[in-house]
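Numbering (my numbering), first residue to last: 39 to 437.
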Amino acid sequence: MTVCCGMRSGRLLMRKYKGLSGALLAAVLLCLTPAVPALAAGPGSTDEELEQDAALQARLTDNVLEFDEIAGRVEKFNPTYRNTRSTISSAVLNADAAGRLTDEASDLMEEAKDIKEDDRVLYEQYRAMSQALRREAQKMTNGELPTAQKNTLLQVRGSLVRVVENLVIQYQTVQAQAAVADKAVELAQANVNMQTRLAAAGLASQAEVLSAEQGLLSAMKGQEQASSGLVTMRQNIQVLLGWNADDLVEFAPIPDADITRIAAMNPQTDAEAAIGTNYDLRSIKNASAAGAVNRASKKRSVDVSEQTIRAAMEKLYREVQAKQQGLAASESSWLAAQNDMNAANRKNSLGMMGRLEYLNAEMSYLNAKAAHESARLALVKAVQDYDWAMHGLISESSY
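Set out below in structure tokens:
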């Protein structure tokens, strides 16, 4: 029975893929041998890799953006990166054929799921063929780009990831400030209401009412600026990561900076790593220089660039230290604000605080929270800037 099923499934697969090239078809048909069971799931197996790919894909497409998913979203969905990769790959590799094979592999796995219960042998052969197609597609695209094209692609990817990371950091910083702006409007409106009541009772002048109204208008302007800024940043982030501008995407809170990473920083040794990866310096080194004069000029340019990178790493390290100290300084203020807010909540629950007094307590709390969040994210950014410098990208402000 197994032999009959194997012959039948082999004929089906031959008909389905009769258009494949001879070499590829031969590679695929190797999967029709009795060794198929060896491809069952296990540590390091293709099945496991496919499951990991599926898990990553699920994370990247769940409409919840984690900070560590930015690079993956750029690689898979950013239009600029994908176009650059396609242009470079098409010029060097058989990228279109690899894409078709990957699609065929996905289709095969879907068909395999449909027949799994009816014909186990046919299912195993479909699955094996899907894996073979993926391996062939990988061969077409893996490790074949010349060094210059690889560096270009890495630089484009890194630049885009860094831009989005900075935007997300900025977004969450402004988000904390926007909460302050919202509370400022609420407080200003309460003040207008109070001044209006006092004026009606003859206890406040029209000038005081007008001043309160001006304060409300000013608070509303600040609220609008913060709100529109958040909308613009959110739309830019989502488009850069391949979503539509108006998609409903949740931005998960950015984790704290890794303290162990900061402790491991050494600007002297890290500068040598940065020199080895810096894209601008690579361009200088790869430039042609015919003649003694040009070679001497090139050597001077290389020496100057290396010194500049070393100085930049020292500056970036000092920035990390400064932001770490700034965060530590904000901790005591933030703790005091939390204690004050807890006390205000207790008094308010007992009816011992007026509305304006309570709103002012909330305002102080939100200001302290925004300051602490700003300090926390400033340290995250400083660490990111340092690490990006080690991976070849140093911002102009760091020189």
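Don't be surprised by glycine CBs; every beta carbon is placed ideally from N, CA and C.
These numbers come from a predicted model, not from an experiment.
For Leu255, the uninterrupted alpha helix (DSSP H) run begins and ends at 244-278, by DSSP. Spatial neighbours of Thr185 in its own chain (CB-CB distance under 7 Å, excluding positions within 5 residues in sequence) are not present.
Boundaries of the alpha helix (DSSP H) around Ile322: 317-324. In this model, Met401 and Ala214 are separated by some 12 Å (Cα to Cα).
For Ile108, the uninterrupted alpha helix (DSSP H) segment begins and ends at 108-115. The three-state secondary structure of Glu203, taken from DSSP, is helix. Closest option to Asn101, judged by alpha-carbon separation, among Gln306, Val277, Glu344, Met379: Val277. For Ser343, the uninterrupted alpha helix (DSSP H) segment begins and ends at 330-387. In terms of CA proximity to Gln227, Leu248 leads the group Met351, Gln273, Leu248.
In this structure, the straight-line span from the alpha carbon of Val206 to that of Ala327 is close to 42 Å.
Going by DSSP, Trp426 is part of the alpha helix (DSSP H) stretching over 393-428. Rounded to the nearest angstrom, the Cβ distance from Gly196 to Leu354 is 16 Å, too far for a contact under 8 Å.
By the C-beta density criterion, Ala250 is buried, having at least 16 other C-beta atoms within 10 angstroms. Apart from the 5 residues on each side of it in sequence, Val201 sits with its Cβ closer than 8 Å to the Cβ of Leu278 in its chain, given in chain order. The alpha-carbon of Met258 is positioned some 6 Å away from that of Val223. By the CB criterion at 8 Å, Ile108 and Val194 fall outside the cutoff. Bridge pairing for Leu103: Phe289 [DSSP].
With a beta-carbon spacing of about 5 Å, Val421 and Ala295 fall inside the 8 Å limit used to define contacts.
Shown here, Leu94 sits in a helix according to DSSP, grouped into three states. Ser436 is positioned such that its CB atom lies no closer than 8 Å to that of Ala311. When the five nearest sequence neighbours on each side are left out, the beta carbons in the same chain lying within less than 7 Å of the beta carbon of Glu352 are those of Pro305, in order along the chain. Cβ-Cβ distances below 7 Å link His429 to Gly196, Thr315 in the same chain, with the five nearest sequence neighbours on each side left out; the list follows chain order. Shortest Cα-Cα distance from Glu411 to any of Leu394, Ile292, Leu192 involves Ile292. In this structure, Ser335 sits away from Ile322, with a CB-CB distance that is not shorter than 8 Å. A residue is called buried once 16 or more other Cβ atoms fall within 10 Å of its Cβ, and Arg299, having fewer, is exposed.
The shortest CA-to-CA distance from Phe289 to any of Ala366, Leu98, Arg356 is the one to Leu98.
Ile313 is classed as buried because its beta carbon has at least 16 other beta carbons within 10 Å across all chains shown. Beyond the five residues adjoining it in sequence on each side, Asp423 comes within less than 6 Å, by CB distance, of Leu354 in the same chain, given in chain order. Where Ala283 is concerned, there is no enclosing alpha helix (DSSP H), because DSSP gives it neither an H nor an E. Exclusion of the five residues before and after Gln233 leaves Ala242, Glu246, Val247, Ala250 as the residues of its chain whose Cβ lies within less than 7 Å of its Cβ. For Ile300, the three-state secondary structure derived from DSSP is helix. The alpha carbon of Tyr119 has as its nearest neighbour, out of Leu94, Asp145, Asp285, Lys188, the alpha carbon of Lys188.
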